[in-house]
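These protein sequence lines map, in sequence, to chains A and B. If you're matching positions, the first sequence starts at 1 in the numbering used here and goes up one per residue. If you're matching positions, the second sequence starts at 228 in the numbering used here and goes up one per residue. Note that CB positions come from ideal geometry on N, CA and C, so glycine has one too. All figures in this text were calculated on a predicted structure; none of them were measured in a lab.
2 protein chains.
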Amino acid sequence: MPQAQAVQQGRQKDSRKAILDAAERAFADFGFGGASIRAIARDADVNQAMVHYYYQNKDQLFSAVVARRSGEINTRRERALDRLFASEVPDLETLIEVLVRPTIEIGHDTERGGDAYARLVVSSNNSADALSQQAIIEHYDPIARRSIDAIMRLLPELDKPAAVRGYLFAISVALSVMAKTGRAARLSEGLCDDSDTEETVSSVVAFASAGIRALADNKTGRKRVIG
Amino acid sequence: MPQAQAVQQGRQKDSRKAILDAAERAFADFGFGGASIRAIARDADVNQAMVHYYYQNKDQLFSAVVARRSGEINTRRERALDRLFASEVPDLETLIEVLVRPTIEIGHDTERGGDAYARLVVSSNNSADALSQQAIIEHYDPIARRSIDAIMRLLPELDKPAAVRGYLFAISVALSVMAKTGRAARLSEGLCDDSDTEETVSSVVAFASAGIRALADNKTGRKRVIG
DNA sequence: CCTCGATTTAATCAAACGTTTAATTAATAG
DNA sequence: CTATTAATTAAACGTTTGATTAAATCGAGG
Chain A
1 MPQAQAVQQG RQKDSRKAIL DAAERAFADF GFGGASIRAI ARDADVNQAM VHYYYQNKDQ
61 LFSAVVARRS GEINTRRERA LDRLFASEVP DLETLIEVLV RPTIEIGHDT ERGGDAYARL
121 VVSSNNSADA LSQQAIIEHY DPIARRSIDA IMRLLPELDK PAAVRGYLFA ISVALSVMAK
181 TGRAARLSEG LCDDSDTEET VSSVVAFASA GIRALADNKT GRKRVIG
Chain B
228 MPQAQAVQQG RQKDSRKAIL DAAERAFADF GFGGASIRAI ARDADVNQAM VHYYYQNKDQ
288 LFSAVVARRS GEINTRRERA LDRLFASEVP DLETLIEVLV RPTIEIGHDT ERGGDAYARL
348 VVSSNNSADA LSQQAIIEHY DPIARRSIDA IMRLLPELDK PAAVRGYLFA ISVALSVMAK
408 TGRAARLSEG LCDDSDTEET VSSVVAFASA GIRALADNKT GRKRVIG
C-alpha cells in the first residue's frame, strides 16, 4: 500500500508527482479513453505498476489530476473574492476579472503544465460522461455558487436564472481562451496572439461584463441598442 | 469496396446511417479514444466488419460524423448570411442570431441526435489533437472567416483581432449551451432550463452582441460603465 | 548489521482493441 | 435462369489495454 503522506526525503525521485504530470498531459492530449497507463508510466519514467501503486485505478488517477489544479484555482478565487468584498462593493468588471484571471493564467502557464490541464478541463466541462460530471460537481460547483451569489449582489436587477447564465457564459469564454488552440492566430492571420495573458484577460473581462449587463436588459426591456 | 452512392432501395436496412448515428453517440459519450468500434457496431445493430467496409478506419469514421452535421450547420448559416445582407445592413443582434441559432438548434434537436453531436463538437473545438484540429480547420474555419468579415462590416470601429476574438467568444458561448449538461439547472435549483431553445438563443444573442460591442470600447477608451 | 516498511521491478493475466480475411447471402442486370 | 456485383457475416489476426502478482531493492532506526 502507498503511504498517504510520503516522507519523500533524500535522493529518491518523486514518482507521485511525475505520474500526475504525465497523466495530465496524456488525458489532455488523448482524452480519458485515449490515454494509456503504459504511456503515462513511460512518460513519467516510472514502472507501469507504480501508477496503480499510488493511484489504484485509471478513474482515481483522473480525479487526482483534476483535484490538484482545481484546488489551486479555487483557493486563488476564494481568496480574491474575500479580499474583494472585504472593503466595499466592487464594480462588475473587477468581480469578473477575479473570477476569470486564475483560470486564464493557469492555462497560460505552460512551464508548469497548465496548458495541458486547460485542455483537459475544457473538455470535462462540456462532457456528459459520469467521471467528468463528477469532477465538475465536486471541484467546481461550490465556487460557482459563490460566484453567482456575488454577481447577484452586485447586479440586483438580475434574477437567478440570468445570473446563472451570465456566470456560465463568462466561464465558457474564459475556458475557451484558457486552452490555446492557435485558432485565433490562424483566423486573424497572426494578428491575434492568444498567449498574451494580459490582453486576453482584458478582452474576456470587457466581453463578459458587458454581456452580463445585457442579460439584465434582455429580461426587462428586450432588444435594446446601446452604441 | 463499398459503393459511394449506394442505391439503397428495397428492404435492405441503411447500415451506413445506422453506423454514423451510433458513432456520433459513442464519440460524444466516450471521446475518440474511449469509443470502440465494436460497441458502435453493436449499437447500430450491424456486424463489426461493416464499419470498416463503409468507413475504412476509425479516423475516417470520425471525420464522416463531423462532416455530416457541419454540412448542415454551414449550409443554414451561409443561406442566412446571404439573405441577411441581400436587402440592407442588418443590426448586430440579427447577425449574431444568424450565426448562433443553427448551432444551438441542432444541439437541442434531441430526436435527431443533435445533442450527441453537440457534445462532440464542443470537445473537438477546444481539443489539440491532430484529428480534431483537422476537422475544425476543414469544416468550420471557412464559415468563421466569412462571419468575422460580416462582423467587421457591421462594426467598422472593430479591428481584426477584436473581431476575431468577438466571433470566437460568441461561438464559445453558443457551444456551451449547445451541449446540455444540466449544469445550469443544477446551479439554479431548477429555475434555469437549458432545453428552452428560444430563451437560450435570446440570452446568447444579448450576451454576445453586448460583449462584441464592448470589445470595441475596450480597444479605444478602456473601462467604461454603461448602465 | 539487520530489520522493517516503503518503494520499485519484471512478468503475467484475461479482456478488449482496430483491422483483415475469406466465405456467404442478397439484389440487380443481361 | 445465370452472371455479377454489393452487402453482410463469422472468425481470426496481432497488439494493446488496465490490472495483479510476487519478488527484488531501497532507506532509515535500532
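Supposed contact pair residue j and residue i - C-beta distance, whole angstroms, cut 8 Å
i, j, result
"Arg346/B", "Ala255/B", "4 Å"
"Glu78/A", "Ile143/A", "7 Å"
"Ala441/B", "Phe169/A", "Contact doesn't hold; Cβ gap of about 13 Å is too wide."
"Gly166/A", "Ile212/A", "4 Å"
"Val404/B", "Asp421/B", "6 Å"
Min CB distance residue i to chain B below 8 Å
i, result
"Ala23/A", "no"
"Lys58/A", "no"
"Asp141/A", "yes"
"Val173/A", "yes"
"Asn218/A", "yes"
"Phe169/A", "yes"
"Ser188/A", "yes"
"Arg145/A", "yes"
"Arg38/A", "no"
"Arg101/A", "no"
Terminal residues of the alpha helix (DSSP H) in which residue i lies
i, result
"Gly417/B", "Here Gly417/B belongs to no alpha helix (DSSP H), and DSSP marks it neither H nor E."
"Glu299/B", "Lys285 to Ser314"
"Tyr280/B", "Gln275 to Tyr281"
"Ser242/B", "Ser242 to Gly261"
"Asp43/A", "Ile37 to Ala44"
Proximity winner among the options, relative to residue i (alpha-carbon distances)
i, options, result
"Arg69/A", "Arg213/A, Leu84/A, Thr103/A and Arg42/A", "Thr103/A"
"Glu416/B", "Asp82/A, Glu189/A and Ala162/A", "Ala162/A"
"Val204/A", "Val121/A, Tyr55/A, Glu105/A and Val173/A", "Val173/A"
"Ile323/B", "Leu382/B, Ala253/B, Ser263/B and Asp241/B", "Leu382/B"
"Ala22/A", "Ala86/A, Ala39/A and Ser202/A", "Ala39/A"
"Ala135/A", "Asn47/A, Val177/A and Val121/A", "Val121/A"
"Glu198/A", "Ser63/A, Asp109/A, Tyr140/A and Ile151/A", "Asp109/A"
"Glu338/B", "Arg252/B, Met277/B, Phe257/B and Ala377/B", "Arg252/B"
"Arg183/A", "Ile398/B, Leu308/B and Gly409/B", "Ile398/B"
"Asn445/B", "Lys160/A, Leu20/A, Glu93/A and Leu131/A", "Glu93/A"
Any chain A beta carbon closer than 8 Å to residue i
i, result
"Ala362/B", "no"
"Gly260/B", "yes"
"Val278/B", "no"
"Phe257/B", "yes"
"Arg380/B", "no"
"Phe254/B", "no"
"Ala245/B", "no"
"Val428/B", "no"
"Pro388/B", "yes"
"Leu358/B", "no"
"Ala377/B", "no"
"Val391/B", "yes"
"Phe289/B", "no"
"Leu308/B", "no"
| said: If we require 4 or more residues per run, which alpha helix (DSSP H) segments fall completely within the segment 322-409 of chain B? | reply: Unbroken alpha helix (DSSP H) stretches of 4 residues or longer found wholly inside the segment 322-409 of chain B: 341-352, 357-366, 368-381 and 387-405, given in chain order.
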